[in-house]
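Accompanying notes for the structure given below.
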Amino acid sequence: MKKYIQVLGKVFESYLLFNLQYIKDEYLLDTRKNRIGNPKNNFYVSGGDSEIIKKFEKLNDLSVFLDKNTTTEEVDKVSVKNYFSYSNILNSYQEIEKKKKQLGREPEITFEEFKNLLPENQNSNSHFSISAKLGNAKNKNINIAHWDSGKEFIWKILFSETQFFGYIFEWNDEISILWEFNQNKINSLDISENEKKPVKILQKIFYGAPGTGKSHKIETILEDIPEDQKERITFHPEYDYSCFVGGYKPSSDKNADGTTGDIKYEFVPQVFTKIYIDAWKNPNKDYFLVIEEINRGNCAEIFGDLFQLLDRNSNYSISPSKELKDHLENKLTDPEEKQGIENGKMKLPANLHVLASMNTSDQSLFPMDSAFKRRWSWEYIPICYDDIPENESFKYIVNIDEITYFEWIDFIKNVNRFIKNNPNLGMDKCIGNYFIKSETKTITLNEFVNKVIFYLWNDVFKDEDSSESIFEKGTCYEDFFPLNTNAKDQILKILKRINIEPTIV
Numbered sequence: 324m325k326k327y328i329q330v331l332g333k334v335f336e337s338y339l340l341f342n343l344q345y346i347k348d349e350y351l352l353d354t355r356k357n358r359i360g361n362p363k364n365n366f367y368v369s370g371g372d373s374e375i376i377k378k379f380e381k382l383n384d385l386s387v388f389l390d391k392n393t394t395t396e397e398v399d400k401v402s403v404k405n406y407f408s409y410s411n412i413l414n415s416y417q418e419i420e421k422k423k424k425q426l427g428r429e430p431e432i433t434f435e436e437f438k439n440l441l442p443e444n445q446n447s448n449s450h451f452s453i454s455a456k457l458g459n460a461k462n463k464n465i466n467i468a469h470w471d472s473g474k475e476f477i478w479k480i481l482f483s484e485t486q487f488f489g490y491i492f493e494w495n496d497e498i499s500i501l502w503e504f505n506q507n508k509i510n511s512l513d514i515s516e517n518e519k520k521p522v523k524i525l526q527k528i529f530y531g532a533p534g535t536g537k538s539h540k541i542e543t544i545l546e547d548i549p550e551d552q553k554e555r556i557t558f559h560p561e562y563d564y565s566c567f568v569g570g571y572k573p574s575s576d577k578n579a580d581g582t583t584g585d586i587k588y589e590f591v592p593q594v595f596t597k598i599y600i601d602a603w604k605n606p607n608k609d610y611f612l613v614i615e616e617i618n619r620g621n622c623a624e625i626f627g628d629l630f631q632l633l634d635r636n637s638n639y640s641i642s643p644s645k646e647l648k649d650h651l652e653n654k655l656t657d658p659e660e661k662q663g664i665e666n667g668k669m670k671l672p673a674n675l676h677v678l679a680s681m682n683t684s685d686q687s688l689f690p691m692d693s694a695f696k697r698r699w700s701w702e703y704i705p706i707c708y709d710d711i712p713e714n715e716s717f718k719y720i721v722n723i724d725e726i727t728y729f730e731w732i733d734f735i736k737n738v739n740r741f742i743k744n745n746p747n748l749g750m751d752k753c754i755g756n757y758f759i760k761s762e763t764k765t766i767t768l769n770e771f772v773n774k775v776i777f778y779l780w781n782d783v784f785k786d787e788d789s790s791e792s793i794f795e796k797g798t799c800y801e802d803f804f805p806l807n808t809n810a811k812d813q814i815l816k817i818l819k820r821i822n823i824e825p826t827i828v
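Quick note on the numbering used here: the sequence shown kicks off at 324 and runs consecutively.
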């Protein structure tokens, strides 16, 4: 779309290059996919035959990610000058501030504080500019990165809160973009606290073989959630209710002379109680409790009667212990907050989500009972053998020596077939894509033997007959050591048994 724009008193022919709707869940269009957390900064290119557009012909049908760091090699960066209108920015922030107050939220900063962040307007100019670079991001996408300044007010506040457009034009042979912020959509939405669309409650266990990316899946869900709105813990056999919820612990104050005062016992809250209080105090924010390896702990002991609160379909409440009740009544004092301990009862707020991961290979000492399982939704994370952008492990190789290697994806595919065909083992013992994570996509001999071979020997095939094992009869784990003399021959034997031909360069 061609448009004539005015910047610093000059008129330019421009094209709508970017058109982005980046707004919070309360402001979502009906046609937009719902999700918890902030969406990506997705841009698209508008049509046009301008010479400027031709410089960006590779942008067609690609997503553009704003200031997104990338580990891939960047293309030669092109300078981009970004122009902003003082009046447009100030008016936009006023609308943001107004709308947040209507929703009962406090803006991150006041209008005056925001105004002071803008570059000083020394000559009563209508616009100011910030230089950046155009670079190549992951999966051949494009990003506008390396902003000289302004991220604290342009990117973090305006780009994250409103709808905006980018008009590309050329000025003195320099690629330029005029950014315009548009509050019309937000203004047209008359949203009250009672009319807000309810957030879909997340209470889910992600399960699968070790290394399938369960924790990564959770990280993806939480990638845009502020750190103070999420907590992560790991269950283990020694973890109990007092570690999870809290309990009485000894404490003492210092006397005026610096000596230790009398020992006293007081209730010390732990992770669940802390995030429970935070969620009740901030009903417009979503809070996430992440439990890693949930099946390694005694869930019945850890949750106690709290597990009944996980039944979100009923407005279930429980009576906590006196010390927990007293602590909550001390902390939840405002009228709305008091619902978290109303009439001495606890109930989970709708903005508190619980996500967990579970390795199906773990033989837990404390199996989950059916009543506990029934209160969760479950999502299986499968092993992926396909060559797709999301599967970085497809490119992994395992080095046996300086000239010999094999493909990691071939190894896990063939080993897992061996495991699944064994009636004593099954899918639970399979190896996932990221059983070993490699930033360089190269797995060393030491890593492979000490992690993969050890797992296969100790947890999978140790008690299996040699005819159903990847290890030859009489082979012990110790036979792989010393690594520099023994490991190669043993690994080559395994590769032969699972029909993999190593590559020699």
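Every residue gets a Cβ at the ideal spot worked out from N, C-alpha and C, and that includes glycine.
Here the alpha carbons of I419 and F529 stand approximately 37 Å from one another. For P592, same chain residues with a beta-carbon under 7 Å away, outside a window of 5 residues either side, are G569 and H650 in chain order. In the DSSP assignment, the residues bridged to I720 are E730 and T765. Assignment of V738 by DSSP, reduced to helix, strand and coil, places it in the helix class.
Annotation: the continuous alpha helix (DSSP H) that includes A623 extends over C622 to F626. Between W731 and I742, the CB-CB gap reaches or exceeds 8 Å. Between the C-alpha atoms of Q662 and I598 there is a straight-line separation of about 15 Å. Of all alpha-carbon atoms in T557, F434, N822 and V403, the one lying nearest the alpha-carbon of A679 is that of T557. Bridge partners of T583 according to DSSP: K577. Across the set F434, H469, A455 and S408, the C-alpha of S408 shows the shortest separation from the C-alpha of N444. Taking 8 Å as the cut-off, the beta carbon of D692 is found no closer than this to the beta carbon of E616. Excluding the 5 residues flanking it on each side, E702 has same chain C-beta neighbours closer than 7 Å at K527 and F529, in chain order. Put simply, of I500, I735, I754 and V775 the residue whose alpha carbon is nearest the alpha carbon of N822 is I735. Of the residues Y338, R619, F804 and S642, the one whose Cα lies closest to the Cα of G627 is S642.
Setting aside the 5 residues that flank it on each side, N621 is surrounded in the same chain by F689, each with a C-beta closer than 6 Å to its C-beta; the list follows chain order. Ranking N739, D563, E431 and F695 by CA distance to the CA of I793 puts N739 first. For the pair W502 and N405, the CB atoms are nearer than the 8 Å cut-off.
Counting other Cβ atoms within 10 Å of its Cβ, H559 stays below 16 and is therefore classed as exposed. Straight-line measurement puts the Cα of N448 at about 49 Å from the Cα of R555. In its chain, beyond the 5 residues on either side, I823 have a beta carbon closer than 6 Å to the beta carbon of D733. With a minimum length of 4 residues, the unbroken runs of alpha helix (DSSP H) contained wholly in the stretch 540-580 fall at 564-567.
Straight through space, the alpha carbons of K670 and P705 are spaced by roughly 34 Å.
DSSP lists I453 and I500 as the bridge partner or partners of N405. Here L806 is not near L779, since their CB atoms are 8 Å or more apart.
For L678, the enclosing beta strand (DSSP E) starts and ends at L675 to N682.
For W701, the uninterrupted beta strand (DSSP E) segment begins and ends at S700 to Y703. Each residue's CA atom was taken as its position, placing I664 and D585 some 31 Å apart. Residue range Y610 to E615 is occupied by the beta strand (DSSP E) that includes F611. According to the DSSP assignment, K648 belongs to the alpha helix (DSSP H) that extends over K645 to K654. When the beta-carbon positions are compared, Y564 and E624 come within less than 8 Å of each other.
Measuring C-alpha to C-alpha distances from N781 to each of E550, Y800, I544 and E429 identifies Y800 as the nearest.
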